[in-house]
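Engineer: Quick note: the sequence shown, position 87, residue 86 per numbering that gives the first Met the number 0, numbers continuous. The C-beta atom is built at its ideal place from N, Cα and C for all residues, glycine as well.
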Amino acid sequence: MENVVVIGGDGFCGWPTALHLSRRGYGVNIVDNLSRRRIDEELGATSLTPIAPIDQRIAAWKEISGREIGFDKIDVALEFDALVALLNEVKPTAIVHFGEQRAAPYSMRGLSEKRYTVDNNIAATHNILAAVAASGRDIHVVHLGTMGVYGYDGDGLEIPEGYQQVKVTGDDGAEFEREILYPTNPGSVYHMTKSMDQLMFQFYAKNDQLRITDLHQGIVWGTQTPETRLDERLINRFDYDGDYGTVLNRFLMQAAVGHPLSVHGTGGQTRAFIHIRDTVRCIELAIANPPAKGERVVIRNQMAETHRVRDLAKLVASMTGVQVAFVDNPRKEAAENDLRVSNQSFRDLGLKPTLLAEGLLEETVDIAEKYVDRYRPSTIAACSVWTTMNKPGIVKGVDRIEVSAA
Ligand SMILES: NC(=O)c1ccc[n+]([C@@H]2O[C@H](COP(=O)([O-])OP(=O)(O)OC[C@H]3O[C@@H](n4cnc5c(N)ncnc54)[C@H](O)[C@@H]3O)[C@@H](O)[C@H]2O)c1
0 MENVVVIGGD GFCGWPTALH LSRRGYGVNI VDNLSRRRID EELGATSLTP IAPIDQRIAA
60 WKEISGREIG FDKIDVALEF DALVALLNEV KPTAIVHFGE QRAAPYSMRG LSEKRYTVDN
120 NIAATHNILA AVAASGRDIH VVHLGTMGVY GYDGDGLEIP EGYQQVKVTG DDGAEFEREI
180 LYPTNPGSVY HMTKSMDQLM FQFYAKNDQL RITDLHQGIV WGTQTPETRL DERLINRFDY
240 DGDYGTVLNR FLMQAAVGHP LSVHGTGGQT RAFIHIRDTV RCIELAIANP PAKGERVVIR
300 NQMAETHRVR DLAKLVASMT GVQVAFVDNP RKEAAENDLR VSNQSFRDLG LKPTLLAEGL
360 LEETVDIAEK YVDRYRPSTI AACSVWTTMN KPGIVKGVDR IEVSAA
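#1: Please go through the same chain and pick out, in chain order, the residues whose beta-carbon is closer than 6 Å to the beta-carbon of threonine 92, but skip the five residues on each side of it.
#2: How big is the Cα-Cα spacing for serine 64 and cysteine 281?
#3: According to DSSP, simplified to helix, strand and coil, what is glutamine 406?
#4: With threonine 378 and alanine 44 assumed to form a contact (beta carbons below 8 Å), what rounded beta-carbon distance in angstroms separates them?
#5: Can a CB atom of chain D be found closer than 8 Å to the CB of leucine 214?
#6: Confirm the yes/no value for this check: CB of aspartate 54, any heavy atom of ligand 1, distance under 7 Å.
#7: Quick one: is asparagine 407 buried, meaning 16 or more other Cβ sit within 10 Å of its Cβ, or exposed?
#8: Check each candidate in Asp207, Gly244 and Asp337 and name the one with the smallest Cα separation from aspartate 152.
#9: Could you check the C-alpha separation between asparagine 342 and glycine 266 for me, to the nearest Å?
#10: Which stretch, first to last residue, makes up the alpha helix (DSSP H) that contains glycine 358?
#11: Based on Cα-Cα distance, which residue from Phe97, Glu361 and Ile94 lies nearest to histidine 274?
#12: Could you tell me if serine 34 is buried or exposed, where buried requires 16 or more neighbouring beta carbons within 10 angstroms of its beta carbon?
#13: Would you mind working out which of Glu294, Gly147 and Leu143 sits nearest glutamine 208, comparing C-alpha positions?
#14: For glutamine 164, which of helix, strand or coil comes out of DSSP?
#15: I'd like to know if the segment 105-119 and the segment 178-191 are in contact, where contact means that at least 3 CB-CB pairs between them fall below 8 Å.
#16: Are three or more beta carbon pairs between the segment 137-155 and the segment 207-222 nearer than 8 Å?
#17: From cysteine 382 to glutamine 100, what does the alpha carbon distance come to, in whole angstroms?
#18: To which residues does DSSP link histidine 142 through a beta bridge?
#19: Drop a sphere of 10 angstroms on the beta-carbon of asparagine 253, count the other beta-carbons inside from all chains shown, and report buried for 16 or more, exposed for fewer.
#20: What is the rounded straight-line gap between the Cα of tyrosine 162 and the Cα of glycine 169?
#21: The alpha helix (DSSP H) spanning alanine 285 covers which residue range?
#22: Count the other CB atoms, across all protein chains shown, that sit within 10 Å of the CB of asparagine 119; report buried if there are 16 or more and exposed otherwise.
#23: Taking the alpha-carbon positions, what's the asparagine 300 to asparagine 288 distance?
#24: Is aspartate 365 helix, strand or coil when you go by DSSP?
#25: Applying the criterion that 16 or more other CB atoms from any shown protein chain within 10 Å of the CB defines a buried residue, is proline 52 buried or exposed?
#26: Short of 6 Å in beta carbon distance, which residues of its chain neighbour aspartate 196, apart from the five on each side in sequence? Order them along the chain.
#27: Taking 6 Å as the limit between beta carbons, can you name the residues of its chain near glycine 26, skipping five residues before and five after?
#28: If I measure Cβ to Cβ from proline 412 and keep anything under 6 Å in the same chain, skipping five residues before and after, which residues do I get?
#29: Suppose you measure from the CA of leucine 359 to the CA of serine 134; what does that come to, to the nearest Å?
#30: Note the first and the last residue of the continuous beta strand (DSSP E) segment covering asparagine 300.
#31: Which residue's Cα is closest to the Cα of arginine 309: Asp347, Ser261 and Ala285?
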């Protein structure tokens, strides 16, 4: 049996991935420092879905599937020796690395959150790479990066999968061809750490011949996978708060309580999306298709489709009959952008993604409406602002309401 260590395996993407891989016959060990649950407490927020503690989750999985999942509470940014010891004990063929602070708004909340995000994410990624190199084992590292490393100033050019061929003109007019990482353009401290991760991967692939796959993932939507819906103790988290709740979850929650959908700015921001069911499939595909030893880092764009935020709002409004409200944008970003992205590599591996138009209703009924009694209204507004010109609190409420086209 092949063993896989899932770092960050108690989180939104990590938990369903651990279950999926376990069901597919991998020996799975979760490593997590449970920092995400701690941050929920710090923010006074909570998952809309009632997520069980990690030991109960694992016990429920054993009861239902008969399969064991290991768990080690290790902070991979701080406890390097424990990580190395675990790799020597478990002898995994792959590590899936989800273990980072992943909310852009949280990373822009204040100085301590900026510093925590950098310290945690950079040290976590570097420790994992250094531990794999030190172990002397041939472990494939699969990292969850983000589409946000490319930035969102797109002008219609299709974003390739990680690399770009460029021509550079030398002093004497001679032309040199180079392949470079696609220029990164992070829009938050969180995205900046993901951009920096890329350089660490490039170095360790070259210097230590580590096999590394970096998945540039779009915004993940949806809550359940076939495994998490087997029992309520296995349910996945659904974040809707101003920091961790992604745009679609906030819209679904607002719709469930009859609140106008708060669109930041003009809603002209275009973003990439993928369903959690496809996230877990993509990770399995990535594990099964590692780069050869000594090969450059494989970068795959892990997304299914792109949408403009105001179109998303209209879609949710048309399903639920709520209004759409345009509010000040707390972020420093282009008001409108195009986004064209290649996802050829996963399509070549056979991915047939779930599209929003097919799965959104299920999400509204099975999650947002079902657990509406657990909704905490005070946590949904965005409080983090991107520049010091926007002081906290300036993010106004609704300043213009449009009745949806529906
Ligand atoms: N959720 C999305 O829409 C999305 C989109 C693109 C990329 N990603 C990436 O996927 C990964 C997982 O995202 P998620 O939504 O599941 O986030 P999450 O916050 O739900 O899960 C991350 C998990 O990692 C753990 N963790 C953080 N730092 C750690 C450390 N130092 N040591 C051990 N464990 C640590 C947390 O406790 C948490 O359980 C992140 O790296 C994120 O950047 C997520």
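Structural biologist: Once the coordinates are examined:
#1: Glu1
#2: 22 Å
#3: The structure shown does not extend to residue 406, since the chain is modelled only from 0 through 405, so no value can be given for it.
#4: 4 Å
#5: Given the protein chain composition of this structure (a single chain), no chain D is represented.
#6: no
#7: For residue 407 there is no data in the structure shown, the boundaries of the chain being 0 and 405.
#8: Asp337
#9: 24 Å
#10: 355-362
#11: Glu361
#12: buried
#13: Glu294
#14: strand
#15: yes
#16: yes
#17: 17 Å
#18: His96 and Asp213
#19: It should be noted that the sequence gives glutamine, not asparagine, for residue 253. Buried, because 16 or more other Cβ atoms sit within 10 Å of the Cβ of glutamine 253.
#20: 21 Å
#21: 275-287
#22: buried
#23: 14 Å
#24: helix
#25: exposed
#26: Thr124
#27: Met0 and Asn2
#28: Coverage of the chain is limited to positions 0 through 405, which leaves residue 412 absent and any answer about it impossible.
#29: 44 Å
#30: 297-301
#31: Ser261
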